[in-house]
Each structure stands twice: as structure tokens, then as C-alpha cells.
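If you want our numbering, it's the 1-based position in the sequence shown plus 4. Don't be surprised by glycine CBs; every beta carbon is placed ideally from N, CA and C. Given the structure is predicted, the values throughout are model-derived calculations rather than measurements. Written below as C-alpha cells is the structure these notes are about.
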Amino acid sequence: MGKSLQILIGSESNELTNQIIEILKHGGFSISQTSAANLNKLSLALKEKQWDFIIADDDSPDLNGSNILKYLESHRVDSPIILISSNADDDTMVDFIKKGMCDVISKSNLKSLNTAVWREYNHKNTINERILFEREMRQSEQFLRDIFNTVQEGICVVDTSLNILRVNSWIKKTFDDKTIFSGQKCFFVFKNRQTQCESCPCVSTLKDGRTYQEIFKYSKSNGEIYWYDLTSYPLKNTHGKIIGVIQSVKDITKQKNAEDDIRELNEQLEKRVKLRTSQLEATNKELESFSYSVSHDLRAPLVRIDGFSQLLTDGYNDILDDEGKHFLNRIRSSVLNMSELIDNLLLLSRVTRSEMKITEINLSKIVQNIVEPMREASPKRNVELVIEKDVLARGDVRLLKLVLENLLNNAWKFTQHTENAKIEFGNLNNNKETIFFIKDNGAGFNNDYAERLFAPFQRLHSEKEFLGNGVGLATVKRIIMRHGGNVWAEGEINKGATFYFSLPEE
């Protein structure tokens with residue numbers, strides 16, 4: 005299918021109109037035409053729509069070239085006009101073209117109309133394409149300009165001499181709206197220098213075409229200090245030659261201030277840690293001194309008391325009456341209790357200071373090794389032991405064994421008056437830590453006082469009911485806390501107790 009044309013033919017001659025249509029069809033056009041026999045009808049047709057071409061017959065009295073030109077003087081016609089004439093000489097043709105006709109065709113050479121239409125058609129398309137291209141370029145340039153000015157970071161373009169060519173709105177607002185940027189040296193505008201920076205990222209980029217970065221400080225006119233992160237990128241022409249640098253500038257003042265605050269806080273924390281460490285070292289030395297005093301100074305009198313009471317028992321047993329013997333037995337029993345208490349206090353002191361060796365431990369095997377001697381020591385007791393198999397943990401094997409011994413001894417002790425006693429050991433799954441438990445159905449305790457259990461010398465049962473000095477659970481708590489875990493208990497009077505302790509997995 006040929007090119008479609010909307011043609012308005014102004015002629016009184018139907019024969020000429022038909023000839024025009026046939027010539028154009030033969031030339032490859034698909035014609036849609038309207039005929040106007042006089043200037044008035046031609047004018048009405050021009051008002052109805054836009055035409056691709058107007059072809060006028062110079063030999064029609066009302067539509068000759070002179071009348072058409074007069075019409076053009078008072079009316080705007082965007083469509084190209086071709087005049088067909090049988091008597092126009094060369095000068096007249098030239099004059100018509102100068103005054104607005106796109107071409108003048110002689111009737112004797114009417115076939116050349118096709119060439120004239122094609123030439124004008126291609127010219128018109130070229131102009132339209134150029135207009136469309138220029139419009140798209142303007143739109144594209146405006147689009148890029150909008151992006152350039154809307155992006156929330158600074159963009160500065162400099163040439164190879166470090167002269168600023170262009171900056172975006174962010175730069176103008178951030179640094180100073182009144183500053184003249186274009187033509188100024190970048191080091192003068194951004195760093196208030198008269199000479200080039202010693203280590204300039206832009207110069208480095210101009211040398212090798214790579215990207216460089218620096219952080220610089222800028223003092224505003226009001227005295228405020230700001231920090232900026234500048235990155236330089238090479239600007240190249242179509243041949244790949246570096247013709248300048250694009251600088252990307254980001255405000256990192258908040259980040260920089262936060263880093264300074266964190267640095268200052270870390271310094272303060274480091275001082276506090278050093279102070280705390282020195283205090284702990286002093287406390288440990290005091291504890292060592294106390295432990296030595298307990299081991300020697302306090303134990304020595306107990307040994308003498310125990311020795312003399314034993315001599316009284318052995319040497320004067322026949323002389324002492326029953327009440328005297330009772331008093332001696334009370335003295336010796338108190339000495340033993342005091343000695344045990346000293347041992348427990350020393351143990352409590354050691355567990356907070358001893359070095360830990362963290363390894364993977366099978367707690368189930370340790371529990372089994374602890375309860376077997378208990379069974380052997382109390383063969384008449386009927387206690388059901390439920391031990392979960394292969395319960396693993398990471399910790400110091402010596403300290404965790406001490407935890408299990410204390411908890412299992414408690415469970416064994418507090419179930420001694422319980423028929424069908426039962427003691428269980430196992431673990432519970434948790435995302436960040438593993439929770440272990442030892443549960444019994446013995447004497448239990450009032451749950452309102454659960455926190456008191458782990459304080460030294462705190463007891464919820466009388467010594468007549470159950471022997472003990474209240475140091476074992478305090479030892480358990482200190483060991484578990486040294487491992488980074490936690491310990492707690494739940495209980496109900498005469499229904500048993502459950503002791504839990506947690507250990508981190510890593």
C-alpha cells in the first residue's frame with residue numbers, strides 16, 4: 005500500500021482533477037481528495053481539517069496564483085501549495101515560490117507533479133522528524149535536569165582545570181545559595197583554599213580514570229561544622245577521552261558525629277573497665293587473703309577444740325556423767341559443722357576465681373556417676389531415677405559436675421521422707437540457650453521464697469528436718485553465672501521442686 009495523502013484540489017476542471025489523482029496514484033500514493041471549484045469552497049475545506057497538500061489550478065479564474073497569494077496574506081495555511089499553470093513563465097514561477105508556493109508545475113509537464121509531491125513529502129517528513137527529535141531532546145534534557153536537581157546528594161561537574169562547570173540544587177542549598185559556583189575552582193568553593201589540595205581525588209581521577217574518595221570538613225559562615233563524603237568519577241566524551249570529573253557529595257555529619265560519640269563512649273567504657281578490673285583484682289587479692297585466714301587462722305582453733313574434746317572423751321569418759329558426755333558430743337558436732345561450713349565457704353570463693361576450660365560435656369554420664377554412690381550409701385531407699393540419655397552441654401567439666409552434685413544431693417536429701425520418691429534429669433529446647441533441670445517429688449518449698457534459695461546461708465527448712473548450711477545453691481548460682489547462664493527454681497510444699505539452669509550454646 006502506498007503513502008496515504010489527504011489532498012485538497014482547487015480546480016473548475018474535473019478532467020484536471022482526475023489527471024492529478026491518476027498521476028499521484030501511479031507515483032505510489034494512496035489518495036483521499038476533496039475538490040473545490042472556487043476560492044470560497046477552498047477556504048471552507050481548509051477550515052474543516054489539515055491537508056497534506058493543496059493543488060490549485062492557475063487557469064481557474066477564482067483559483068489562480070494571484071488570488072491564492074492574496075488569500076495567504078490574510079490566512080495561515082500550513083499545508084504546502086502546488087500551483088498548476090499553463091502559461092506561467094519562469095519569472096512568474098519564481099515569484100510565486102518566493103511568496104509562499106512550494107512549487108509551480110506546468111500543465112505541459114504534469115507528470116512532474118509526482119516528483120514535486122514526493123520531494124515535498126520527504127522534506128516535510130524530515131522536518132517533522134527533526135521537530136520530534138528536538139522535542140524529545142528537550143524533554144530528555146529536562147528529565148535529566150530534574151533528576152540532577154532532585155537527587156538528594158550533591159553533584160558537581162568540573163573540567164580538567166578543576167573549574168566548576170555545573171552544580172545541582174543540593175550543592176547550592178547545602179553550601180551557600182549566594183555562592184557563585186560556575187567558573188570557580190572546586191578547592192576554593194568547598195575547602196576555601198587558594199591552591200590545589202595535596203591529595204585531591206579529582207586530580208587522581210583525571211590522571212588514571214579511576215574512582216577516588218575522600219572525607220572533608222566544611223565550616224559554614226555561622227560557625228557550624230559539617231562533614232562530607234566526596235567521590236570523584238571520570239567524565240568522558242564519545243571517544244573515551246576524559247574531559248572532566250563528576251563529584252558526588254554526601255552529607256555524613258550525623259554519621260561522623262555518631263562515630264565520634266561512639267569513640268568517646270568506648271574510651272569512657274575502656275577507662276571504666278580498667279577501673280573495674282583493678283577493683284576486681286584488689287577484691288580477688290582480699291579474697292585470697294581471706295581464704296588463707298580461713299584455712300589457717302580459723303581452722304586452727306577448731307582443730308584444738310576438737311582435739312581437747314576428744315581427749316576429754318577418751319580420758320575422762322568414766323568420770324563424766326551422761327549430761328557431761330552429751331555436752332562433749334554437742335561440742336564435737338558443732339566443730340564438725342563449723343569445719344564443713346569453712347570448707348563450703350572456701351569452695352564458694354574458689355569457684356568465682358578459678359580458671360575455666362570450656363569443652364563439650366555429656367551431663368547424663370556425670371549424673372549417672374553421681375547417683376550411683378548415693379544408691380550404694382542408702383541401699384534401703386526406693387528412689388526412681390529418670391536420666392535423659394546423652395544430654396550435652398559446653399562448659400567447665402569440674403564446675404558443672406559440682407553444680408550437678410549440689411542439685412542431686414538436694415533432691416536426694418529432700419526426698420528421704422517421701423514414699424515412691426522420684427528424681428528426674430533432662431533438658432528443654434530453646435533457640436538461644438539450652439535449659440537443664442533436676443526435678444524431684446520431695447518436700448518442696450514455698451514458691452514465694454524461691455529467690456532466697458540461692459543466697460548464702462539461706463534455708464527454707466529447719467536443720468532438724470534436713471541437714472545443711474545453705475551454701476550449696478549459692479555455689480550453683482555463681483558457677484552458672486560464670487558460664488553466662490541463669491538458674492532458678494519452682495516448688496510447692498510437699499509436692500516437690502524443680503531446679504533449672506541454662507547454658508549458652510556457644
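What is the DSSP secondary structure of G399, counted as helix, strand or coil?
Three-state result, G399: strand.
Run of the beta strand (DSSP E) containing A40, from where it starts to where it stops: That run of the beta strand (DSSP E) goes 33–40.
Review point. Of all the options F503, F441, F418, which has the alpha carbon lying nearest to the alpha carbon of E455?
Key: Just measuring C-alpha positions, the residue of F503, F441, F418 sitting nearest E455 is F503.
Would V375 and L389 be called neighbours here (beta carbons separated by less than 8 Å)? For V375 and L389, yes; Cβs fall inside 8 Å.
Margin query: Does F513 come out as helix, strand or coil in the three-state DSSP assignment?
Written below: Outside the shown range of the chain, which is 5 to 510, sits residue 513, and nothing can be said about it.
Buried or exposed by the 16-neighbour rule on C-beta atoms within 10 Å, applied to Q251
The residue in question, Q251, is buried, as its Cβ has 16 or more Cβ neighbours within 10 Å.
message = According to DSSP, is L457 part of a helix, a strand, or is it coil?
response = Note: L457 maps to helix in three-state DSSP.
| In angstroms, rounded to a whole number, what distance separates the CA positions of R379 and I335? | Here the alpha carbon of R379 sits roughly 31 Å from the alpha carbon of I335.
Exercise. Measure the beta-carbon distance from I159 to F185 and round it to whole angstroms, keeping in mind my assumption that it falls under 8 Å.
Key: At roughly 12 Å, the Cβ-Cβ gap does not stay under 8 Å, so I159 and F185 are not in contact.
inquiry  = Output needed for G187: all residues of its chain with C-beta closer than 7 Å, excluding positions within five of it in sequence on either side, in chain order.
reply    = Counting only residues of its own chain and dropping the five nearest sequence neighbours on each side, G187 has a CB closer than 7 Å to the CB of N167, I168.
Item to check | Where H465 falls: helix, strand or coil (DSSP) | outcome: Residue confidence is low: H465 scores 46 on pLDDT, short of 50, so the model does not pin down where it sits. No coordinate-derived value is stated.
Measuring alpha carbon to alpha carbon, tell me which of Y75, S110, F418, N434 ends up nearest I442.
With distances taken between Cα atoms, I442 lies closest to F418.
query: Looking at C-alpha atoms only, which residue of T235, L73, Y230 is the closest neighbour of C204?
result: Per the Cα distances, T235.
Whole angstroms are fine: how far does the CA of N366 sit from the CA of A501? Distance from the CA atom of A501 to the CA atom of N366, rounded to whole angstroms, is 24 Å.
Determine the direct distance from the alpha carbon of N490 to that of K468, and round the result to whole angstroms.
Residue confidence is low: K468 scores 49 on pLDDT, short of 50, so the model does not pin down where it sits. Its coordinate-derived value is still stated next. For the pair K468 and N490, the Cα-to-Cα distance works out to about 31 Å.
- For S225 versus Y216, is the C-beta distance shorter than 8 Å? For S225 and Y216, no; Cβs fall outside 8 Å.
* Which same chain residues, not among the five before or five after G213, have their C-beta less than 7 Å away from its C-beta? -> Hits under 7 Å: P238, I246.
Point to revise | Which listed residue (L50, W231, A41) has its alpha carbon closest to that of R80 | key: Of the listed residues, the one whose Cα sits closest to R80 is L50.
Margin query: Quick check for students: name the residue ranges of the alpha helix (DSSP H) that lie wholly in the stretch 105–189, counting only runs of 4 or more.
Written below: As for any alpha helix (DSSP H) of minimum length 4 sitting wholly inside the stretch 105–189, the runs are 116–154, 173–179, ordered along the chain.
Which residue spans inside the stretch 33–98 form an unbroken beta strand (DSSP E) run of at least 3?
Counting whole runs of 3 or more residues, the stretch 33–98 contains the beta strand (DSSP E) stretches 33–40, 57–61, 85–89.
Quick check on L279: buried or exposed, where buried means 16 or more other Cβ atoms within 10 Å of its Cβ? That one is exposed.
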